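Below is one structure, written out as structure tokens; comments come after it.
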Amino acid sequence: EPEVTQTPSHQVTQMGQEVILRCVPISNHLYFYWYRQILGQKVEFLVSFYNNEISEKSEIFDDQFSVERPDGSNFTLKIRSTKLEDSAMYFCASSYGTGYEKLFFGSGTQLSVL
Amino acid sequence: GENVEQHPSTLSVQEGDSAVIKCTYSDSASNYFPWYKQELGKGPQLIIDIRSNVGEKKDQRIAVTLNKTAKHFSLHITETQPEDSAVYFCAAPHSGNTPLVFGKGTRLSVIA
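So the protein sequences, as listed, match chains A and B.
Residues in the first sequence are numbered consecutively from 208, following this note's numbering.
Residues in the second sequence are numbered consecutively from 139, following this note's numbering.
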């Protein structure tokens with residue numbers, strides 16, 4: 208069964224450093240997302256990406272965040288200057304059509320900012 | 139914007155009993171309601187979804203019911219098994235064709 212893969216599974220970084228989280232969405236999917244989940248809390252939407260551009264973003268997704276699809280398979284989330292409050296599990300997701308139906312999530316990257 | 143409330147936050151049931159988790163939503167324009175199951179250390183996985191043109195959908199031991207008038211939808215798991223133990227999230231679109239807003243989750247424990 209096709210799946211969304213994310214690397215790394217764990218990332219530890221110092222406050223102020225840049226991090227890049229990587230995702231390989233399911234190959235025939237058209238919509239890509241990043242969500243995050245702070246420990247014990249609900250899954251929060253960050254950004255959606257379609258047709259090589261951001262289609263929607265939340266208030267969490269400020270100027271410190273950026274996304275990119277550098278080639279035909281990868282989808283990345285960059286945090287330019289990490290803060291302590293960026294510590295969370297970051298999930299990549301993809302879907303084939305309509306933008307929000309039948310999202311497939313990866314297993315996540317646990318980001319710890321020290 | 140959409141607001142999704144989910145209850146209860148934790149639920150313990152005996153193996154073989156039924157479990158029911160309820161969600162309410164605020165945006166009457168929402169027309170798609172999925173349920174996700176998250177096991178420890180994994181991402182949420184879609185288990186069942188329902189569109190607003192039907193009131194109930196079943197898939198083996200799980201079912202979802204939707205009441206559009208009251209703006210609530212529920213997940214029903216019958217004959218629960220220990221492997222059903224997980225965190226379950228309901229969700230609804232933020233508005234129209236935009237990304238999902240998730241509930242806070244229900245931690246279900248099935249006691250053998």
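Where is the CB? At the ideal position from N, CA and C, for every residue including glycine.
Note that the coordinates shown come from a computational prediction; the quantities given were computed from them, not determined experimentally.
Proximal chain B residues relative to residue i, where beta-carbon distance stays under 7 Å
i: V250(A); result: P182, F227, F240
i: G315(A); result: G181
Cβ-based burial, residue i [other Cβ within 10 Å; buried from 16]
i: S168(B); result: buried
i: K285(A); result: exposed
i: S304(A); result: The sequence given here has Gly at residue 304(A), not Ser. Under this definition G304(A) is an exposed residue.
i: V219(A); result: exposed
i: Q248(A); result: exposed
i: S175(B); result: Going by the sequence as given, residue 175(B) is Lys instead of Ser. With 16 or more other Cβ atoms within 10 Å, it is buried.
i: T316(A); result: buried
Residue i to residue j span [Cα, whole Å]
i: S190(B); j: Q224(A); result: 45 Å
i: E143(B); j: A229(B); result: 9 Å
i: T162(B); j: H232(B); result: 13 Å
i: N259(A); j: T148(B); result: 40 Å
i: V225(B); j: V320(A); result: 25 Å
i: G267(A); j: P146(B); result: Note on residue identity: the sequence assigns Ile, not Gly, to residue 267(A). Answer to the nearest angstrom: the Cα atoms are 27 Å apart.
i: D293(A); j: Q271(A); result: 10 Å
i: S156(B); j: F239(A); result: 35 Å
i: T283(A); j: I249(B); result: 40 Å
i: G241(B); j: S314(A); result: 19 Å
i: R199(B); j: Y170(B); result: 21 Å
i: S150(B); j: Q183(B); result: 21 Å
Under 7 Å by beta carbon: chain A residues contacting residue i
i: G243(B); result: K249
Proximal residues of chain A, C-beta to C-beta of residue i below 9 Å
i: D187(B); result: E308, K309
Contacts that residue i makes with chain B (C-beta to C-beta distance below 8 Å)
i: Y240(A); result: P237
i: F156(A); result: In the structure displayed, chain A extends from 208 to 321; residue 156(A) sits before or after that span and is not available.
Contact list for residue i against chain B, beta-carbon separation under 9 Å
i: F312(A); result: Y174, Q176, K180, G181, P182, Q183, L184
Query raised in the report: the region 158–170 of chain B: which residues have C-beta closer than 8 Å to a C-beta of chain A, in chain order?
Result: Y170
Report task. List in chain order: all unbroken beta strand (DSSP E) runs of 3+ residues lying wholly within the region 207–240 of chain B. Result -> Taking 3 residues as the shortest admissible run, the region 207–240 of chain B contains the following complete beta strand (DSSP E) segments, listed from N- to C-terminal end: 210–215, 224–231, 238–240.
Requested in this report: Counting only runs of 3+ residues fully inside the region 174–200 of chain B, write out the beta strand (DSSP E) ranges in chain order.
Outcome: 183–189, 194–197
Requested in this report: At 3 residues or longer, and completely inside the region 212–273 of chain A: list those beta strand (DSSP E) runs for me, N to C.
Outcome: 212–214, 217–220, 226–231, 238–244, 251–257, 260–264
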